[in-house]
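Chemist:
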Amino acid sequence: MSARQRPVRRIVIVGGGSAGWMAAAALGRALAGQSHTLTLVESEAIGTVGVGEATVPPIHEFNRYLGLDQAEFLRATHGTIKLGIQFDGWGGVGHRYFHPFGFFGVEMSGIHFHHYWLRHLAAGGDADGGPYNLETMAARAGRFAPMTRHGPVHHAVHFDAAAYAQYLRGYAEAKGVVRVEGRVADVRLDPEDGFITSIAMADGRVIEGDLFVDCSGFRGLLIEGALATGYAEWSHWLPCDSAVAMPCENDGDPAPYTCSTAREAGWQWRIPLQHRDGNGYVYSSAHLDHDEAERLLRSRLPGAALADANRLRFNAGHRKAIWNRNCVAVGLAGGFLEPLESTSIHLIQTTIIRLLALLPRDAIDPHVVARFNRDALHEYETIRDFVIAHYALSNRDDTSFWRDIAAAGLPDSLAERIEAFRATGNILFEPGDLFGPTNWYAVLTGQGVRPQSWHPIADGLANEELAARLATLRSRVSEQLAELPTHGEFLRRLGR
Ligand SMILES: Cc1cc2nc3c(=O)[nH]c(=O)nc-3n(C[C@H](O)[C@H](O)[C@H](O)COP(=O)(O)OP(=O)(O)OC[C@H]3O[C@@H](n4cnc5c(N)ncnc54)[C@H](O)[C@@H]3O)c2cc1C
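When we follow the working numbering, the leftmost residue of the sequence shown carries the number 242, and every step to the right adds one.
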């Protein structure tokens, strides 16, 4: 029987970073009690990428699927709460805006709140939309609890990704995943159909499998090294190809949000954890020398450095197929989008969930693979557009980096979205998109796009009625805010 025709019983995961252990945990949970074998191979000598600390709210769905306890998870990963991202200098030097999670106002008569808000602005109303989004106000006040009497406080987490991988390792091993330590030296293919039959370790051990999950990081040992799948690059729109990361001491209670500051050749992140701040400078090596990037990051650290600089190189883009033959690439092996909106761990999660939904029992069906790839690549593209929007609408021309960005143009899909918003106030999105109307509204207006119109239904409310509803929304948010403890208190109650 050729490899193509074999039922899927032996699953081999190559790589033990966040991607590998997230895949192992989810597969272990999904296939518990069945006759499958699950093996994870990793090499301590090679190590992991060692960064990746901010997430988006659906991380809670993944943790819930595994049945993790939120308090224990936060303690184990030194986690803090993320209510959104503060963007400094992105809409021009000295400019600031906040991209929150949660909802901006409430839908009224079936249309999004921002249409009413645009009408209110056109009539000369107060321009601060913050009081209509609980998460923005909680971030400003440094407050958090997961729930108020009126509903949830939408949030993601910041965590130590290495600690998360370790935590999931314990979980996956308890579900029967077998860990193999060592370096994969060779990947063997079936001469008939090119499917992977086994991996050979440097010490001579051979591990056979029916399905291989490539979590080997940027190198894509199986998906690219063995299967030569090809890579679609987006460096034209996203020229940042390097980063330098360095943790530092933190001072006082951590802020419940990520900071992203636009710099001369890219941007700098600050991610507060319980025991330290994560910092990094993501930059274009065509515009900034590596040593100079490190020097600049050091000079701008908010506290004393706690470790040596970690230098990284990458290419924005994705494999031309995320699932090729009997290999599915998860994590950096599948593609990379810079962490401006903290989406890599989310892409790991959705790739795993998509794999679980379509997991083959018998032979691998090409229609299933085609559907998987179509959905996966669509997701990459919509997130890519959201990330590019921050750069393309930056209004900056103070360095050659920003001037080159301005000259790079836009993908058609993003240009359509921006033009539709500018002309009508409508945000074009599809159900299931990670970023919905609140997210797009925050970033497009934060970056200076001013719609010329709004939805006609928003004209249906009399001026006094609109003013009364805005007042009700504001007071609802301030009541909720008053219920929240400080972020520091919340963490201390968890046993920080
Ligand atoms: C600068 C930067 C900042 C980031 N920030 C964020 C963020 O804020 N939020 C976010 O969601 N994501 C972020 N990411 C992405 C995030 O770090 C990764 O998505 C995540 O850590 C998953 O990495 P991985 O497991 O795919 O790869 P890796 O961590 O590189 O793991 C690869 C694994 O494969 C193993 N391996 C490789 N070759 C072999 C071999 N020959 N034999 C045996 N084992 C092998 C390695 O030992 C390792 O265990 C960031 C990435 C970068 C570069």
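Just so it is clear, CB atoms sit at the ideal spot from N, CA and C, and this is done for glycine as well.
Please report how far the alpha carbon of V290 lies from the alpha carbon of R390, in whole angstroms.
Modeler: Straight-line Cα distance between these residues: approximately 41 Å.
Chemist: Restricting to Cα atoms, I'd like to know which of A633, R602, I586 and E622 is closest to Q246.
Modeler: R602
Chemist: For V253, is the beta carbon positioned less than 6 Å from some heavy atom of ligand 1?
Modeler: Answer for V253: no, Cβ out of range of ligand 1.
Chemist: Starting from the C-beta of G383, find all residues in its chain whose C-beta is less than 8 Å away, skip the five residues before and the five after it, and write them out in chain order.
Modeler: D494, A496, P497, T727, H728 and G729
Chemist: Taking all protein chains shown into account, decide if M388 is buried (16 or more other Cβ within 10 angstroms of its Cβ) or exposed.
Modeler: exposed
Chemist: According to DSSP, S501 sits in a beta bridge with which residue or residues?
Modeler: F328 and W510
Chemist: Can A312 and L409 be called in contact, C-beta distance under 7 Å?
Modeler: no
Chemist: Provide the residue span of the alpha helix (DSSP H) that contains V418, from first to last.
Modeler: Run containing V418: none; DSSP gives neither H nor E here.
Chemist: For A699 and F342, I'd like the C-alpha separation in whole angstroms.
Modeler: 24 Å
Chemist: Looking at C-alpha atoms only, which residue of L468, V485 and D451 is the closest neighbour of A244?
Modeler: Of the candidates L468, V485 and D451, the one whose C-alpha sits nearest the C-alpha of A244 is D451.
Chemist: Would the region 582-590 and the region 290-302 be scored as touching if the rule is three or more Cβ pairs under 8 Å?
Modeler: yes
Chemist: So the candidates are S635, R734, P672 and T713; which of them puts its Cα closest to the Cα of T686?
Modeler: Nearest Cα to T686 within the set S635, R734, P672 and T713: S635.
Chemist: Tell me whether the region 561-575 and the region 609-619 touch, counting them as touching only if at least three CB pairs, one residue from each stretch, are closer than 8 Å.
Modeler: As far as the Cβ criterion goes, the region 561-575 touches the region 609-619, which means the pair count is three or higher.
Chemist: Smallest Cα separation from P248: which of Y682, T438, G544 and G677?
Modeler: T438
Chemist: Keeping to the same chain, check which residues put their C-beta closer than 7 Å to that of C568; ignore five residues upstream and five downstream.
Modeler: I437, F453, D455, L463, I464 and L468
Chemist: Quick one: any contact between the region 313-320 and the region 362-377, if contact means 3 or more CB pairs under 8 Å?
Modeler: no
Chemist: Would DSSP call V523 helix, strand or coil?
Modeler: Looking at V523 - three-state DSSP - the assignment turns out to be strand.
Chemist: Whole angstroms is fine: what's the gap from L599's alpha carbon to L268's?
Modeler: 12 Å
Chemist: CB-CB under 8 Å to A273, same chain, minus the five flanking residues each way: which ones, in chain order?
Modeler: K416 and G417
Chemist: Hey, would you say W331 sits closer than 7 Å to H631, going by beta carbons?
Modeler: yes
Chemist: Using a Cβ-Cβ cutoff of less than 6 Å, which residues in the same chain neighbour R337 once the five nearest sequence positions on both sides are dropped?
Modeler: D329
Chemist: Any heavy atom of ligand 1 within a distance shorter than 6 Å of the CB on P495?
Modeler: no
Chemist: Within 6 Å: the Cβ of T347 and any heavy atom of ligand 1?
Modeler: Position check: residue 347 holds Val in this sequence, whereas Thr was assumed. V347: no, Cβ never under 6 Å from ligand 1.
Chemist: Let me make sure I understand the geometry here. Which of H399, G370 and A506 has the alpha-carbon closest to that of W233?
Modeler: The chain is shown from 242 up to 737; residue 233 falls before or after that span and cannot be answered.
Chemist: With M263 as the anchor, note down where its beta strand (DSSP E) starts and where it stops.
Modeler: Run containing M263: none in the beta strand (DSSP E); it sits in the alpha helix (DSSP H), S259 to A271.
Chemist: Could you check where the beta strand (DSSP E) with E283 kicks off and where it finishes?
Modeler: T278 to E283
Chemist: Cutting at 6 Å between CB atoms, please list the residues of its own chain near R251, excluding the five before and the five after it.
Modeler: Only T278, G450 and D451 meet the Cβ criterion.
Chemist: Please tell me whether, using a cut-off of 6 Å, the distance from the CB of G576 to the nearest non-hydrogen atom of ligand 1 is below it.
Modeler: no
Chemist: So is the beta-carbon of I586 under 6 Å away from any non-hydrogen atom of ligand 1?
Modeler: For ligand 1, at least one heavy atom lies less than 6 Å from the Cβ of I586.
Chemist: Any chance you could list the beta strand (DSSP E) runs of at least 3 consecutive residues sitting entirely within the region 342-399, in chain order?
Modeler: 397-399
Chemist: Using 7 Å as the threshold, is the C-beta distance between H399 and I512 below it?
Modeler: yes
Chemist: Can A402 be considered in contact with ligand 1, in the sense that its beta carbon sits closer than 6 Å to one or more heavy atoms?
Modeler: yes
Chemist: Give the DSSP bridge partners of A402, in chain order.
Modeler: According to DSSP, which records beta bridges pairwise, A402 is partnered with nothing at all.
Chemist: Among A534, W478, A363 and A264, whose alpha-carbon lies nearest the alpha-carbon of M487?
Modeler: A534
Chemist: For T592, does the three-state DSSP call read helix, strand or coil?
Modeler: helix
Chemist: Is I646 helix, strand or coil when you go by DSSP?
Modeler: helix
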